[in-house]
Structures are given as C-alpha cells and as structure tokens.
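Colleague:
4 protein chains.
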Amino acid sequence: MAPKIVDREQKRAEIMNAAIQVFAQNGIVKSKMIDIARKAGVGKGTIYEYFRSKEEIFAACYSQFNRQWEEKIQDALSQTDDPEAQLRALITVSVEGAMQYNEDFLGIMMDFWAEGIRSKNEDMLRIIDLKNLYTEFRALVAGIIQKGTERGVFRAVDAKSYASALIGALDGVMLQMIIDPQLLKWREVGQALIDAFLNGIKT
Amino acid sequence: MAPKIVDREQKRAEIMNAAIQVFAQNGIVKSKMIDIARKAGVGKGTIYEYFRSKEEIFAACYSQFNRQWEEKIQDALSQTDDPEAQLRALITVSVEGAMQYNEDFLGIMMDFWAEGIRSKNEDMLRIIDLKNLYTEFRALVAGIIQKGTERGVFRAVDAKSYASALIGALDGVMLQMIIDPQLLKWREVGQALIDAFLNGIKT
Amino acid sequence: MAPKIVDREQKRAEIMNAAIQVFAQNGIVKSKMIDIARKAGVGKGTIYEYFRSKEEIFAACYSQFNRQWEEKIQDALSQTDDPEAQLRALITVSVEGAMQYNEDFLGIMMDFWAEGIRSKNEDMLRIIDLKNLYTEFRALVAGIIQKGTERGVFRAVDAKSYASALIGALDGVMLQMIIDPQLLKWREVGQALIDAFLNGIKT
Amino acid sequence: MAPKIVDREQKRAEIMNAAIQVFAQNGIVKSKMIDIARKAGVGKGTIYEYFRSKEEIFAACYSQFNRQWEEKIQDALSQTDDPEAQLRALITVSVEGAMQYNEDFLGIMMDFWAEGIRSKNEDMLRIIDLKNLYTEFRALVAGIIQKGTERGVFRAVDAKSYASALIGALDGVMLQMIIDPQLLKWREVGQALIDAFLNGIKT
DNA sequence: TATGAATGAGCATTCATTCAT
DNA sequence: TATGAATGAATGCTCATTCAT
Chain A
1 MAPKIVDREQ
11 KRAEIMNAAI
21 QVFAQNGIVK
31 SKMIDIARKA
41 GVGKGTIYEY
51 FRSKEEIFAA
61 CYSQFNRQWE
71 EKIQDALSQT
81 DDPEAQLRAL
91 ITVSVEGAMQ
101 YNEDFLGIMM
111 DFWAEGIRSK
121 NEDMLRIIDL
131 KNLYTEFRAL
141 VAGIIQKGTE
151 RGVFRAVDAK
161 SYASALIGAL
171 DGVMLQMIID
181 PQLLKWREVG
191 QALIDAFLNG
201 IKT
Chain B
204 MAPKIVDREQ
214 KRAEIMNAAI
224 QVFAQNGIVK
234 SKMIDIARKA
244 GVGKGTIYEY
254 FRSKEEIFAA
264 CYSQFNRQWE
274 EKIQDALSQT
284 DDPEAQLRAL
294 ITVSVEGAMQ
304 YNEDFLGIMM
314 DFWAEGIRSK
324 NEDMLRIIDL
334 KNLYTEFRAL
344 VAGIIQKGTE
354 RGVFRAVDAK
364 SYASALIGAL
374 DGVMLQMIID
384 PQLLKWREVG
394 QALIDAFLNG
404 IKT
Chain C
407 MAPKIVDREQ
417 KRAEIMNAAI
427 QVFAQNGIVK
437 SKMIDIARKA
447 GVGKGTIYEY
457 FRSKEEIFAA
467 CYSQFNRQWE
477 EKIQDALSQT
487 DDPEAQLRAL
497 ITVSVEGAMQ
507 YNEDFLGIMM
517 DFWAEGIRSK
527 NEDMLRIIDL
537 KNLYTEFRAL
547 VAGIIQKGTE
557 RGVFRAVDAK
567 SYASALIGAL
577 DGVMLQMIID
587 PQLLKWREVG
597 QALIDAFLNG
607 IKT
Chain D
610 MAPKIVDREQ
620 KRAEIMNAAI
630 QVFAQNGIVK
640 SKMIDIARKA
650 GVGKGTIYEY
660 FRSKEEIFAA
670 CYSQFNRQWE
680 EKIQDALSQT
690 DDPEAQLRAL
700 ITVSVEGAMQ
710 YNEDFLGIMM
720 DFWAEGIRSK
730 NEDMLRIIDL
740 KNLYTEFRAL
750 VAGIIQKGTE
760 RGVFRAVDAK
770 SYASALIGAL
780 DGVMLQMIID
790 PQLLKWREVG
800 QALIDAFLNG
810 IKT
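Residue numbers (the working numbering), protein chains in the order written: chain A, 1 to 203; chain B, 204 to 406; chain C, 407 to 609; chain D, 610 to 812.
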C-alpha cells in the first residue's frame with residue numbers, strides 16, 4: 001500500500017501549496033478554509049482529512065517555508081569558506097530569494113512573524129519558535145564574523161551584536177521590498193548594505 | 204439642565220490607550236470590542252460614542268503612534284547639524300524608544316505593518332500609508348548622508364540605497380527586540396549597527 | 407402653577423409633532439429616539455420626561471392623527487343632510503386631506519395600519535383598535551346609505567356591504583396616492599369613484 | 610465520494626415558506642433570522658447557504674407571492690372576453706384568493722406595501738416596484754373598461770380613473786378582510802362592490 | 001476516502017432606556 | 001426640569017468544524 005502513502009503526501013503538499021497562496025493574498029486571519037479548498041480543487045471537508053485544523057495548516061506551511069529558506073542559505077554558505085564571501089552570499093541569497101517571489105507572496109512573512117510574536121497557543125509557539133530561529137541564525141552569522149576576526153580579515157568586534165545588526169538589516173530591507181517592490185533597485189540596496197557593513201568591519 | 208460633564212478628549216484618549224494595549228496583546232484582528240471595553244472600564248456601547256468603528260480606533264491609534272515616533276526623531280535630529288551625529292542620534296532614539304515601551308506594546312507595530320501591506324480598504328490605506336512613510340523617511344536619511352558626502356565626511360555613495368539599508372537595519376533590529384527583548388544588550392547592538400555603518404561610509 | 411401645565415402640554419405636542427415627521431420619513435421601526443429628539447430640538451432624555459417609551463409616542467401620534475381625521479369627516483358630514491351630498495363630501499374630504507400632506511407624510515398611515523394589524527402588545531392594540539375604527543366608520547357610512555334608501559334616493563342594497571366597499575375604495579385609492587403621488591389627477595379618480603358608486607346605487 | 614444529496618430548490622422553498630409564516634406573524638422588521646431558522650427547523654447558518662441576506666429572503670418571498678397572484682388574475686381573465694364578466698372575475702378572484710390564505714398570512718401584504726413605499730435600498734425597490742406593478746395593473750383594467758366602452762356596454766368614462774378607483778376598492782376591501790376576517794360576509798361585500806361599480810358604468 | 005450541507009459559537013454594531021449631574 | 005453620557009441586550013451575519021452519505 002506504499003503508493004497510497006505517496007498519494008497522501010502528494011495531496012497534503014497540494015493543499016499546503018494552495019494554502020500558502022491564499023495566505024499570501026489575504027493574510028492568514030482573513031483566509032477562509034473554503035478559499036483554500038477551492039484553490040486546491042478539493043472539497044472543504046477533504047482538508048480535514050489531511051490537517052486537523054486551520055492552525056495546523058498554517059504551522060505546516062510555516063515549517064516548509066522556513067525549511068526552504070534555510071536550505072537556500074546553507075547552500076549558499078557551503079560554496080565557500082571565505083568569511084567575506086559568505087556574508088556577501090548571505091545578503092545576495094536573501095535579496096534574490098525575496099525578489100523571486102511575487103510581492104503578494106512575500107506578505108506571508110509578515111503574518112508568520114506576527115503570529116510567532118503573539119500566538120497564545122503553546123503548540124503553535126513550539127512550531128513558530130522565532131526566538132530559536134533567530135538565535136540559531138545569529139549564531140551562524142556570528143560564527144562567520146568570528147571566523148573572519150580570527151583570520152584577521154575582520155576587526156575584533158562583538159560578533160553577536162554585529163550578527164544581530166546584519167540580520168536586522170536584512171529583514172528590514174526585505175520589509176521595504178514588501179511594502180514597495182517597484183521603488184528601488186533592490187539589488188543595489190543589498191549591495192549598499194553589504195558594502196557598508198563589510199567596509200565597517202574589515203581590517 | 205446640565206448633563207454629566209465629561210472631557211470627551213480625555214475619554215477618547217483612555218479608550219485609545221486601552222485599545223493599544225489590547226491590540227498589542229492579541230493582535231488587531233483577534234482583538235474584540237468587548238476586550239477593549241473591559242480594559243477601558245466602560246460598556247461596549249460607550250466605545251461607539253467615541254469611535255465610529257473598530258477600524259477607526261485602529262486608525263487613530265496608528266496615527267498617534269506614528270506622530271509620537273516622528274516627533275522623537277525630529278527632536279533628536281534638530282539637536283545637531285553634524286551628519287554623523289545625526290545618524291547616531293537616529294539609531295539611539297530608535298533603540299531607546301523601542302526599549303522604553305514594554306514588549307507587548309511593541310508587537311502592535313507588526314500589525315500596523317501587516318495591515319498597511321494588505322489592507323484592501325481604501326480609507327485605511329490612506330491612513331496607513333507605509334509607502335509614503337518610508338519614502339519620506341528615506342528622503343530624510345538620504346539627505347543626511349548626502350550632506351555628509353558634500354562635507355567630505357562620508358564617501359560618495361548612492362545616498363538613497365544607503366538610506367534604505369540603514370532604515371532597514373533599524374527596523375530589523377527592532378524586530379529582534381520585539382521577538383526577544385531580554386536576550387541581547389540591545390544598546391550594544393545599536394552601537395554595533397551604527398559603528399559598522401559609519402565605518403562603512405566614512406571617508 | 408397652571409402655566410407650567412400649559413408648558414408641559416405644549417412641549418408634549420412639539421415632541422409629537424417631531425415624532426410624526428420622523429415616523430413619516432423613515433417608518434416607525436427605523437425611526438430612532440435620537441432622530442425625534444433632534445427634530446424636536448430637545449435632548450434625548452427629555453423625551454422620556456413626556457413619554458414613557460417609544461411605543462407611547464407612537465400611540466399618542468396615532469390617536470392624534472385619527473382624531474384629526476375624524477374631525478374632518480364629521481365637519482364635512484355636518485354640512486348637509488342629503489345622503490348623496492354626504493357621500494360626495496366623504497370622498498372629497500378624504501382625497502383632499504390625503505393630498506394636503508406631502509407624500510412622505512402619508513406613508514405613516516401604512517405603519518399605523520401595519521402596527522395595528524400585528525402588534526402583540528395589548529396596550530397598543532387598545533389604542534390602535536383598527537377593528538373598532540372600521541366598525542364605527544362602516545356604521546357611519548352604512549347609516550348614510552340606509553338613510554338614502556329610506557328616502558328613496560338609493561336602491562335597497564345591503565347597506566353594510568356597500569359601506570364596506572366604499573370605505574375600501576377610499577383606502578385603496580389613498581394607497582395608490584401614496585405610492586405614486588404625481589401619476590394621476592387624483593381628484594378625478596375621486597370623482598370617478600363617487601360617480602360610479604352613486605350611479606350604482608341611485609334609484 | 611458523494612456528499613449528502615439535497616434538493617436545494619426544495620430546501621430553499623422550505624425556508625421561504627418558514628420565512629413567509631414568520632414575516633406574516635411578526636412583520637418583516639421584527640422577524641429575526643433565528644425565528645425563521647427555528648420555524649424551518651434548520652440552524653441559523655443554514656439559511657445563509659440558501660439566501661445571501663434577510664433582504665434577499667424578503668425579496669424572494671415577495672416575488673413568489675406576486676407571481677402567484679398575477680397567475681390567478683391572468684387565469685381568470687383568460688376565461689372570457691366579455692368585459693363585464695372579466696371585471697366580475699377580477700373581483701371574485703381577488704376576494705376568493707384573499708380568503709384562501711389564513712389571516713396571519715395576509716398581513717404580509719401590508720409589509721410588502723410598506724417596504725415598497727419606503728425602502729431606501731435601490732435593489733429592493735427594483736424588486737418591489739409598486740409603481741410599476743400598479744401601473745401595469747391599471748393598464749390591464751383600463752383596457753377592459755375601454756373595451757366595454759367600445760362595445761357599447763360601458764359608458765364613455767375616463768377608463769384610467771375608473772380603473773384606479775376599482776383597483777383601489779379591491780385593495781381597500783382586502784385591507785378590511787385582513788383587519789377583521791370574521792366580521793362580514795366578504796363575498797357579499799365583493800358582490801356589492803362589483804354591482805355598484807358595474808351599475809355605475811354600464812350603459 | 002471525499003464531499004459539501006449543516007451548524008452554532010462568536011463578533012461588530014445599534015439603539016431604547018437609565019441616571020448622574 | 002433637562003441633558004447626553006453610558007449601557008448591554010439584541011441582531012444579522014461569518015466561518016471553522018462536523019458528519020451523514
């Protein structure tokens with residue numbers, strides 16, 4: 001009965017895909033189960049065969065979204081061992097990644113954040129553990145900076161604070177891209193960001 | 204001959220205050236009028252004596268929030284004419300301002316952003332004009348950078364892109380403060396941010 | 407303290423006047439106390455100094471409305487003793503009376519009827535006793551027809567049925583006047599009505 | 610694979626039926642969705658599966674009501690080509706039709722009229738176009754009278770005015786039937802009406 | 001397994017009435 | 001006496017979830 005299991009996974013993925021699109025367009029709270037069902041081309045009841053609740057769909061989407069993002073980052077970082085190149089790759093991947101999706105789609109990040117910040121649901125918070133996510137991301141970036149310092153290419157700075165600042169800058173630029181996708185040449189903003197930052201910490 | 208005399212402005216402010224707290228804790232969509240009423244210590248109907256709708260409360264809160272923030276920024280910038288000092292002041296004021304509020308309170312910013320990004324309501328969008336807000340803020344910061352370049356203290360960079368990057372960094376750091384207020388010595392992160400940035404653009 | 411009493415009656419009348427106008431424009435159910443208060447130029451609470459409830463205002467207006475109408479009818483009938491002339495006067499007074507008011511104003515009659523037909527409130531039904539009103543009106547008209555028959559100017563018909571038919575015709579024409587005040591030369595319709603009817607029963 | 614199969618038209622009709630009963634008993638404004646739901650033996654939400662709003666239920670009921678009435682009239686008139694017989698049929702059908710329904714049921718006509726007279730809602734007014742309804746009905750009756758005049762059986766009267774008067778008489782008698790269904794032998798009142806009228810216009 | 005009909009808890013909003021001044 | 005600020009019961013409507021088929 002292995003094929004059956006594949007089918008289920010396949011259908012689950014289809015529903016998640018539909019959900020992500022609907023979430024992206026309407027925001028999570030305003031997204032209705034019926035919308036997701038219609039977009040997925042299934043009946044309303046069918047969704048409940050694959051997910052316990054709307055919240056579970058959200059959680060699954062979030063996890064997937066995150067996993068994909070992390071993979072991209074990891075891929076980019078594994079290309080080189082040079083700290084400067086790694087930081088450049090980090091910015092490039094983020095900006096390129098954000099630009100890849102259409103503007104509507106990006107709005108979903110806001111909801112992930114918002115939900116993660118305020119959810120009262122314990123299960124939810126375990127899934128959307130923003131604290132942990134950022135802690136790990138900070139450690140990753142701080143490690144790169146630390147490495148740069150050890151190799152003498154970066155000044156001896158407080159790696160954690162600088163990591164936090166750089167990550168913040170990344171998120172903040174993405175926020176502006178969400179708000180006004182056409183306005184600026186975002187690739188250049190990304191370049192400005194990394195140039196300023198690298199100039200700032202290079203020896 | 205004389206009805207109960209009430210300071211309507213005062214009461215309006217009290218309700219807005221209650222609303223901000225409730226919005227901050229639950230998010231705007233999940234905040235119920237009855238919650239706001241209870242928090243304000245008034246009846247459900249009373250709110251409608253002061254605001255036409257839930258949306259109007261939100262808009263009023265947003266405007267107030269923004270106005271206060273802008274005042275702080277303007278105050279800080281007017282203290283000096285030196286570009287470097289102004290950029291430092293900008294970061295300091297933002298970080299200090301964010302730390303001043305309690306953590307719950309800051310969460311409301313997320314909803315302001317989220318609402319601004321996705322609201323379909325024309326009236327709402329006129330009020331929460333994020334595009335315009337950021338455009339103006341970018342112009343302000345770009346002006347300072349430009350001034351620095353002209354005075355020879357900053358390198359000749361693309362002022363707009365750098366402004367965008369700096370603002371993004373500010374927002375991003377604030378986001379992390381929201382998510383994990385205790386974690387880091389945020390003042391130091393602010394310092395790291397401005398040090399890296401200034402190092403990066405100073406001649 | 408007699409003047410005080412006069413003042414109270416005066417104010418009560420003013421409020422009723424305002425109420426009738428508001429009822430006429432919006433219908434009774436959709437008329438708000440605040441509208442009546444504003445139209446009367448008094449405070450919302452003041453109304454309750456003169457009327458126990460919205461229902462009581464309605465009842466008072468209805469009674470007044472009816473009393474005035476009855477007076478007009480009685481006035482007209484007392485001008486002559488001739489049955490044919492009296493029936494003509496009846497139609498004329500009704501049509502002229504209806505035309506006197508503006509169209510909006512007439513709509514109130516519908517609500518009086520509707521309320522009278524369906525009110526579940528015992529007190530209300532005692533006041534808006536449509537059954538009794540029509541019974542009396544039928545008796546009045548039947549009396550005139552009877553008188554005509556006895557004097558040999560009308561055929562020997564079932565006076566009650568003919569009275570009912572005539573009254574119905576009157577109401578029905580007024581209904582059309584309400585619906586479409588401009589459409590027809592309503593005076594001529596009144597003439598047609600009475601001509602047909604009198605031709606029909608005259609010997 | 611197959612959901613519960615329901616005859617949606619059937620269910621829609623059942624809800625309309627319940628709605629008509631509730632409207633008839635309480636009047637439209639005082640009828641609550643929950644009352645209709647309970648009378649129909651369904652949940653509150655179920656109604657909204659079949660009607661978009663309370664207003665839509667009302668409109669559907671009104672249209673149905675009217676269509677049925679018109680059919681009756683048309684049926685009766687098609688039985689004969691004789692003007693006098695047609696006018697007699699008109700009155701008979703109306704009175705018989707009105708008597709067929711129970712008294713509560715008829716009260717709904719008042720609300721249809723009242724709503725038609727005062728509704729501010731454009732969509733509603735398109736549905737309850739009383740002006741047009743009466744205009745058409747007047748044209749129909751005037752045509753019969755005209756035909757009678759041409760054939761020399763009726764006097765040369767202003768057909769439109771006489772039609773309006775006859776229709777008014779019909780409505781007015783029905784109103785009295787609503788108010789006091791037991792009181793009079795309404796068939797005889799109908800006879801009186803048509804006798805008087807026909808006597809009045811016959812040559 | 002798949003479906004959509006059915007449901008009712010939940011919510012924003014309205015408004016007659018009360019009552020402190 | 002006059003007022004309007006305050007109130008909460010009541011209502012139309014939404015939507016996540018259930019369940020019979």
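Cβ coordinates follow ideal geometry from the N, Cα and C atoms, glycine included.
#1: Take every Cβ of the segment 122-133 of chain A, pair it with every Cβ of the segment 337-353 of chain B, and state whether three or more of those distances are shorter than 8 Å.
#2: Here's a check: name, in chain order, each residue in its chain whose Cβ is nearer than 8 Å to the Cβ of Phe226 of chain B, leaving out the five neighbours to either side.
#3: Evaluate the contact criterion for the segment 378-394 of chain B versus the segment 164-174 of chain A: three or more CB pairs, one atom per stretch, below 8 Å.
#4: Cutting at 7 Å between CB atoms, please list the residues of its own chain near Gln673 of chain D, excluding the five before and the five after it.
#5: If I'm right that Leu686 of chain D touches Gln677 of chain D with Cβ under 8 Å, what's the distance once you round it to whole angstroms?
#6: Taking Cβ-Cβ distances shorter than 9 Å, what residues in chain A pair up with Ala317 of chain B?
#7: What separation, rounded to the nearest whole angstrom, lies between the Cα atoms of Asp82 of chain A and Ile34 of chain A?
#8: Residue ranges of each beta strand (DSSP E) run of no fewer than 3 residues wholly in the segment 347-373 of chain B, ordered along the chain?
#9: Which bits of chain D does Tyr468 of chain C rub up against, with CB to CB less than 7 Å?
#10: Could you tell me which chain B residues have their CB closer than 7 Å to the CB of Ala85 of chain A, listed as they occur along the chain?
#11: Using a Cβ-Cβ cut-off of less than 7 Å, list which residues of the segment 164-186 of chain A approach chain B; keep chain order.
#12: Would you kindly work out how many angstroms separate the C-alpha atoms of Leu343 of chain B and Met302 of chain B, rounded to a whole number?
#13: Judging by CA-CA distance, which residue of C:Gly503, C:Ile550, C:Glu462, C:Lys608 is the nearest neighbour of Asn527 of chain C?
#14: Here's a check: name, in chain order, each residue in its chain whose Cβ is nearer than 6 Å to the Cβ of Leu130 of chain A, leaving out the five neighbours to either side.
#15: Mind pulling the chain D residues with CB within less than 9 Å of Lys537 of chain C?
#16: Which residues mark the beginning and the end of the alpha helix (DSSP H) in which Gly45 of chain A is found?
#17: Please classify Lys247 of chain B: is it buried, with 16 or more other beta-carbons within 10 angstroms of its beta-carbon, or exposed?
#18: Quick check: what's the CA-CA separation for Ile497 of chain C versus Gly596 of chain C?
#19: Give the C-beta separation of Lys608 of chain C and Phe543 of chain C to the nearest angstrom, bearing in mind that I take them to be a contact with Cβ-Cβ under 8 Å.
#20: If we ignore side chains and look at the alpha-carbon of each, how far apart do Lys681 of chain D and Ala778 of chain D end up?
#21: How long is the line joining the alpha carbons of Glu299 of chain B and Lys445 of chain C, rounded to whole angstroms?
#22: Does Phe261 of chain B get closer than 7 Å to chain A when you measure Cβ to Cβ?
#23: Which two residues bound the contiguous alpha helix (DSSP H) that contains Asn121 of chain A?
#24: Considering only C-alpha positions, which residue in the set C:Val499, C:Glu490, C:Leu599, C:Phe603 is nearest to Glu476 of chain C?
#25: Need the endpoints of the alpha helix (DSSP H) that Ile629 of chain D sits in, please.
#26: Between the alpha carbons of Ala622 of chain D and Gln588 of chain C, how many angstroms are there, rounded?
#27: For Asp767 of chain D, which option in D:Arg617, D:Ala751, D:Val782 has the closest C-alpha, if you only look at C-alpha atoms?
#28: Got a sec, what are the start and stop residues for the alpha helix (DSSP H) Asp601 of chain C sits in?
#29: Kindly list the residues whose CB is nearer than 8 Å to the CB of Met1 of chain A, restricted to its own chain and excluding five residues on each side of it in sequence; keep chain order.
#30: State the start and end residues of the unbroken alpha helix (DSSP H) segment that holds Ser297 of chain B.
#31: Counting only Cβ pairs nearer than 7 Å, list the residues of chain B close to Tyr134 of chain A.
#32: Taking the alpha carbon of Gln657 of chain D as the reference point, which residue from D:Gln688, D:Gly636, D:Arg617 has its own alpha carbon closest?
#33: Please determine, among D:Ala698, D:Ala723, D:Tyr743, D:Ala801, the residue with the shortest C-alpha to C-alpha distance to Gln390 of chain C.
#34: Count the other C-beta atoms from every protein chain shown that fall within 10 angstroms of the C-beta of Arg88 of chain A, then say buried if there are 16 or more, exposed otherwise.
#35: Ordered along the chain, which non-local residues of its own chain (more than five positions away) have a Cβ less than 7 Å from that of Lys160 of chain A?
Modeller: The structure says:
#1: Contact between the segment 122-133 of chain A and the segment 337-353 of chain B is absent, because fewer than three Cβ pairs lie under 8 Å.
#2: Within the same chain, Phe226 of chain B has close Cβ partners Ser234, Phe261, Cys264, Ile311, Asp314.
#3: Two segments are said to touch when three or more pairs of C-beta atoms, one from each, lie closer than 8 Å; by this definition the segment 378-394 of chain B touches the segment 164-174 of chain A.
#4: These residues qualify, in order along the chain: Met625.
#5: Their Cβ separation, rounded to whole angstroms, is 15 Å, which puts Leu686 of chain D and Gln677 of chain D out of contact at 8 Å.
#6: At a C-beta separation below 9 Å, Ala317 of chain B has these neighbours in chain A: Gly27, Gly107, Met110, Asp111, Trp113, Ala114.
#7: A direct Cα-to-Cα measurement between Asp82 of chain A and Ile34 of chain A gives close to 49 Å.
#8: Taking only runs of at least 3 residues, no beta strand (DSSP E) segment lies wholly in the segment 347-373 of chain B.
#9: For Tyr468 of chain C, there are no C-beta contacts with chain D under 7 Å, since the nearest C-beta of that chain is about 15 Å from it.
#10: Near Ala85 of chain A there are no residues of chain B at all, since even the closest Cβ is about 17 Å away, more than 7 Å.
#11: Per Cβ criterion, the list reads Ser164, Ala165, Ile167, Gly168, Ala169, Leu170, Asp171, Gly172, Val173, Leu175, Gln176, Ile178, Ile179, Asp180, Leu184.
#12: Approximately 23 Å between the Cα atoms of the pair.
#13: Considering only alpha carbons, the answer is C:Glu462.
#14: For Leu130 of chain A, where only same-chain residues beyond five positions count, the Cβ hits under 6 Å are Gly116.
#15: Chain D residues near Lys537 of chain C: Ile788, Asp789, Leu792.
#16: Going by DSSP, Gly45 of chain A is part of the alpha helix (DSSP H) stretching over 44-50.
#17: The residue in question, Lys247 of chain B, is exposed, as its Cβ has fewer than 16 Cβ neighbours within 10 Å.
#18: If you draw a straight line from the Cα of Ile497 of chain C to the Cα of Gly596 of chain C, it comes to about 6 Å.
#19: About 22 Å separates the beta carbon of Lys608 of chain C from that of Phe543 of chain C, a gap too long to meet the 8 Å contact definition.
#20: As the crow flies, the alpha-carbon of Lys681 of chain D is around 18 Å from that of Ala778 of chain D.
#21: Rounded to the nearest angstrom, the two C-alpha atoms are 54 Å apart.
#22: Phe261 of chain B does not count as touching chain A.
#23: In the DSSP assignment, Asn121 of chain A falls outside any alpha helix (DSSP H) and carries neither an H nor an E.
#24: The candidate whose alpha carbon is nearest that of Glu476 of chain C is C:Val499.
#25: Taken as a continuous stretch (DSSP letters only), the alpha helix (DSSP H) holding Ile629 of chain D covers 617-635.
#26: Computed Cα separation, rounded: 38 Å.
#27: Ranked by how close their Cα comes to the Cα of Asp767 of chain D, the residues D:Arg617, D:Ala751, D:Val782 have D:Ala751 in first place.
#28: In the DSSP assignment, Asp601 of chain C falls within the unbroken alpha helix (DSSP H) covering 592-607.
#29: Reliability fails at Met1 of chain A, whose pLDDT of 46 lies under 50, so the model's placement of it is uncertain and the value that follows must be treated cautiously. Nothing meets the Cβ criterion.
#30: Counted as a single uninterrupted DSSP element, the alpha helix (DSSP H) harbouring Ser297 of chain B occupies residues 286-303.
#31: Going along chain B in sequence order, the residues near Tyr134 of chain A (Cβ under 7 Å) are Gln379, Ile382, Asp383.
#32: The amino acid occupying residue 657 of chain D in the given sequence is Tyr; Gln does not appear at that position. It is D:Arg617 whose Cα lies nearest to the Cα of Tyr657 of chain D.
#33: Since the first residue shown for chain C is 407 and the last is 609, residue 390 of chain C is missing from the structure and cannot be characterised.
#34: By the neighbour-count criterion, in which a residue is buried when 16 or more other Cβ atoms sit within 10 angstroms of its Cβ, Arg88 of chain A is buried.
#35: So the qualifying residues of the chain are Arg138, Ala142.
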